[in-house]
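These notes are about the structure you will find just below.
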Amino acid sequence: MSDKKSTTRPRVRFAPSPSGELHVGGARTALFNWLFARHHGGAFILRFEDTDTDRNKPELIEPIMESLRWLGLDLDEGPYFQSQRTSIYQEHAKKLLAEGKAYLCYCTPEEIEEKRKMAQVTKQNFRYDGKCRNLTPDERSQFEREGRKGALRIKIDPHGSTVVRDLIRGDVVYAHAELDDFVIQRSDGLPLYNFAVVVDDVTMGITHVIRADEHINNTPKQLLIYSALGFDYTKVKFVHVPMVLAKDRTKLSKRHGATAVFEYLEKGVLPEALVNYLVRLGWSHGDQEIFSMEEMIQKFSLEAVHPSPAIFDEEKLLWLNHHYIMHGDPMRLGELAKQFAIKKGIYSEQEANAISADRWAAVVNFLKERNRTLVELAESSKPFLKDQLEYYDPKAIEKFLTPDKAKLLEHVIEAVKENIDNVSFTATNLDAAVRAKLEANGSSLKEVAQPCRVALSGLTQGPGLFEMMEFLGKKRVIERLEKAISMNINKK
Numbered sequence: 001m002s003d004k005k006s007t008t009r010p011r012v013r014f015a016p017s018p019s020g021e022l023h024v025g026g027a028r029t030a031l032f033n034w035l036f037a038r039h040h041g042g043a044f045i046l047r048f049e050d051t052d053t054d055r056n057k058p059e060l061i062e063p064i065m066e067s068l069r070w071l072g073l074d075l076d077e078g079p080y081f082q083s084q085r086t087s088i089y090q091e092h093a094k095k096l097l098a099e100g101k102a103y104l105c106y107c108t109p110e111e112i113e114e115k116r117k118m119a120q121v122t123k124q125n126f127r128y129d130g131k132c133r134n135l136t137p138d139e140r141s142q143f144e145r146e147g148r149k150g151a152l153r154i155k156i157d158p159h160g161s162t163v164v165r166d167l168i169r170g171d172v173v174y175a176h177a178e179l180d181d182f183v184i185q186r187s188d189g190l191p192l193y194n195f196a197v198v199v200d201d202v203t204m205g206i207t208h209v210i211r212a213d214e215h216i217n218n219t220p221k222q223l224l225i226y227s228a229l230g231f232d233y234t235k236v237k238f239v240h241v242p243m244v245l246a247k248d249r250t251k252l253s254k255r256h257g258a259t260a261v262f263e264y265l266e267k268g269v270l271p272e273a274l275v276n277y278l279v280r281l282g283w284s285h286g287d288q289e290i291f292s293m294e295e296m297i298q299k300f301s302l303e304a305v306h307p308s309p310a311i312f313d314e315e316k317l318l319w320l321n322h323h324y325i326m327h328g329d330p331m332r333l334g335e336l337a338k339q340f341a342i343k344k345g346i347y348s349e350q351e352a353n354a355i356s357a358d359r360w361a362a363v364v365n366f367l368k369e370r371n372r373t374l375v376e377l378a379e380s381s382k383p384f385l386k387d388q389l390e391y392y393d394p395k396a397i398e399k400f401l402t403p404d405k406a407k408l409l410e411h412v413i414e415a416v417k418e419n420i421d422n423v424s425f426t427a428t429n430l431d432a433a434v435r436a437k438l439e440a441n442g443s444s445l446k447e448v449a450q451p452c453r454v455a456l457s458g459l460t461q462g463p464g465l466f467e468m469m470e471f472l473g474k475k476r477v478i479e480r481l482e483k484a485i486s487m488n489i490n491k492k
């Protein structure tokens with residue numbers, strides 16, 4: 001489909017297996033489907049491919065849906081579950097059998113395994129030899145009297161070929177000689193993956209199959225199923241988007257760090273930052289890096305998806321997240337930071353809720369330049385929102401809060417008390433008053449800046465000293481400076 005709006009509204013699907021959490025690669029695929037649907041006024045459908053009872057974890061269905069909701073990918077239809085559609089697959093399987101386009105195979109798993117081993121010995125690719133393809137009625141009856149139940153195999157013309165026309169990969173030709181009469185329904189009546197996918201896509205009216213590149217080798221089998229069912233697969237557009245790889249160009253996995261959407265939520269990454277980052281994994285619009293959701297919908301096209309694998313770089317994601325923290329609504333970010341502060345045990349729920357929404361918003365504005373995630377922001381807020389300092393860096397105390405600094409800290413307290421009232425307690429006024437007091441007593445700001453910073457925050461790094469004092473307020477500044485003097489650290 002070109003960038004021009006189609007007269008036929010597309011229908012796309014995201015079809016995860018509930019065998020694991022939604023990872024960033026799957027989320028990127030979901031996003032591309034969703035953006036394509038929204039750009040063309042189509043439908044975005046969620047379908048769970050949950051027929052693999054050995055690997056499925058039903059408890060992961062809701063987390064996957066929650067991850068999609070968190071990313072802002074709303075559904076038009078679904079979720080559908082393959083496990084609830086068995087009768088539909090069986091109906092289509094019976095049709096293929098009745099039309100002679102499929103046949104029952106009575107070979108046991110042990111017999112198939114023996115043939116597989118023989119292929120290994122002769123160093124050949126294993127393909128089913130078609131033993132049951134032309135059984136007589138008597139031979140089928142004999143197998144059934146033995147208690148064998150037949151699996152359903154589709155009949156493939158061994159002399160033909162199938163062309164997968166992919167929007168990104170171009171035409172890929174698969175010779176049928178490299179395929180075999182593959183199983184589409186197990187002997188227990190349950191469908192195999194490729195068969196269920198095609199029946200679903202046909203019955204749900206899917207117009208564009210947008211999925212990861214790793215699925216392209218399934219496509220020729222699926223096209224053969226389309227044809228056997230009597231559907232024109234040329235009306236369906238296939239788009240296999242490039243893989244998402246780690247920085248070492250291997251498949252992204254747990255050993256590379258966080259891979260699940262939920263993990264980035266827990267790290268304090270904003271959904272708009274993750275969506276913005278994911279859309280740039282394999283798609284671009286000129287040199288633009290920052291996209292609102294509205295801009296993505298307006299500008300997204302499948303033609304602009306690159307064929308090369310995309311490299312996932314968490315540092316780039318955090319850079320983007322910092323951008324969204326810098327430019328986000330402080331009230332919203334403050335509420336989110338509060339939630340993380342409670343969730344991570346940084347504040348008790350009572351402590352966090354006792355702090356006003358305006359104060360949480362203010363701390364966001366105060367600290368946003370130095371924090372790339374909401375968790376970092378919540379953690380770094382402690383010295384500025386809590387009445388009492390709970391932590392002093394031991395090395396900072398040893399180095400800067402020495403007895404000889406006590407007099408300098410007293411001068412700072414005098415400057416604060418003598419010259420500045422609560423109304424004029426600003427960074428600019430504090431800077432002027434403190435410098436004047438220190439100079440009048442033969443010292444300089446350089447001598448007291450770090451001791452003062454440690455006294456106020458417990459740390460050697462952070463926002464500007466006088467900005468910190470303004471944020472804390474006159475009462476807290478005096479209390480913390482007096483406490484630092486009274487601590488008598490390293491007193492000789």
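Read in the working numbering, the sequence shown has 37 at position 37, and its numbers run on one by one without any break. The C-beta atom is built at its ideal place from N, Cα and C for all residues, glycine as well.
What did DSSP end up calling residue i once you bin it into helix, strand or coil?
i: His215; result: helix
i: Trp360; result: helix
i: Cys452; result: helix
i: Glu144; result: helix
i: Ala102; result: strand
i: Glu504; result: The structure shown does not extend to residue 504, since the chain spans only 1 to 492, so no value can be given for it.
i: Thr250; result: coil
i: Gly170; result: strand
i: Pro63; result: helix
i: Ala43; result: strand
i: Lys492; result: Low per-residue confidence applies at Lys492: pLDDT is 47, beneath 50, and the placement is therefore not dependable, though the value from the model is reported in the following sentence. Coil at Lys492, not helix or strand.
i: Phe530; result: Because the chain spans 1 through 492 in this model, residue 530 falls outside it and cannot be assessed.
i: Thr162; result: strand
i: Leu238; result: Per the sequence presented here, residue 238 reads as Phe, with Leu not at that position. Correct three-state label for Phe238: strand.
i: Arg480; result: helix
i: Phe48; result: strand
i: Leu493; result: No answer is possible for residue 493: the residues shown for the chain start at 1 and end at 492.
i: Val209; result: strand
i: Arg116; result: helix
i: Ile311; result: strand
i: Arg11; result: strand
Mind checking residue i: buried by the 16 CB within 10 Å criterion, or exposed?
i: Ile537; result: A question about residue 537 goes unanswered here, because the residues of the chain that appear run from 1 up to 492.
i: Ala357; result: exposed
i: Thr8; result: exposed
i: Thr108; result: exposed
i: Phe14; result: buried
i: Gln222; result: buried
i: Asn371; result: buried
i: Lys247; result: exposed
i: Pro242; result: buried
i: Ser208; result: Note that residue 208 corresponds to His in the displayed sequence, not to Ser. So His208 counts as buried.
i: Pro330; result: buried
Check the C-beta distance from residue i over to residue j and give it rounded, since I have them as a contact under 8 angstroms.
i: Ser187; j: Ala151; result: 5 angstroms
i: Leu46; j: Gly20; result: In fact, because the Cβ distance is near 16 angstroms, the residues do not count as touching under 8 angstroms.
i: Val164; j: Phe238; result: 6 angstroms
Measuring alpha carbon to alpha carbon, tell me which residue in the options is nearest residue i.
i: Thr219; options: Asp171, Leu252 and Tyr264; result: Asp171
i: Gly389; options: Glu139, Leu31 and Met487; result: It should be pointed out that residue 389 corresponds to Leu in this sequence rather than to Gly. If we check each option's Cα against that of Leu389, Met487 comes out closest.
i: Ile225; options: Gln185, Val244 and Gly442; result: Gln185
i: Tyr128; options: Thr460, Ser19 and Asp180; result: Asp180
i: Leu252; options: Ala196, Lys483, Pro18 and Gly25; result: Gly25
i: Leu75; options: Glu144, Ile64 and Gln84; result: Ile64
i: Leu302; options: Leu22, Phe32 and Glu62; result: Phe32
i: Asn276; options: His411, Thr259, Glu263 and Phe300; result: Phe300
i: His176; options: Ala341, Lys399 and Ser161; result: Ser161
i: Gly42; options: Pro10, Ala27, Gly72 and Asp54; result: Pro10
i: Gly189; options: Arg145, Arg85 and Arg169; result: Arg85
i: Glu295; options: Pro18, Arg38, Thr29 and Ala30; result: Arg38
i: Phe231; options: His92, Val12 and Asn429; result: His92
i: Lys446; options: Phe340, Ile485, Leu465 and Ala361; result: Leu465
i: Arg493; options: His240, Thr234 and Phe195; result: Past the boundaries of the shown model lies residue 493; the chain is included only from 1 to 492, so the question cannot be answered.
With DSSP as the reference, identify every bridge partner of residue i, one or two as the case may be.
i: Pro191; result: Gln185
i: Thr460; result: Paired residues: none, contrary to the question.
i: Trp283; result: Val305
i: Ala151; result: Cys105
i: Ala175; result: Ser161
i: Leu260; result: First, the residue type needs correcting, since residue 260 is Ala and not Leu in the sequence shown. Paired residue(s): His23.
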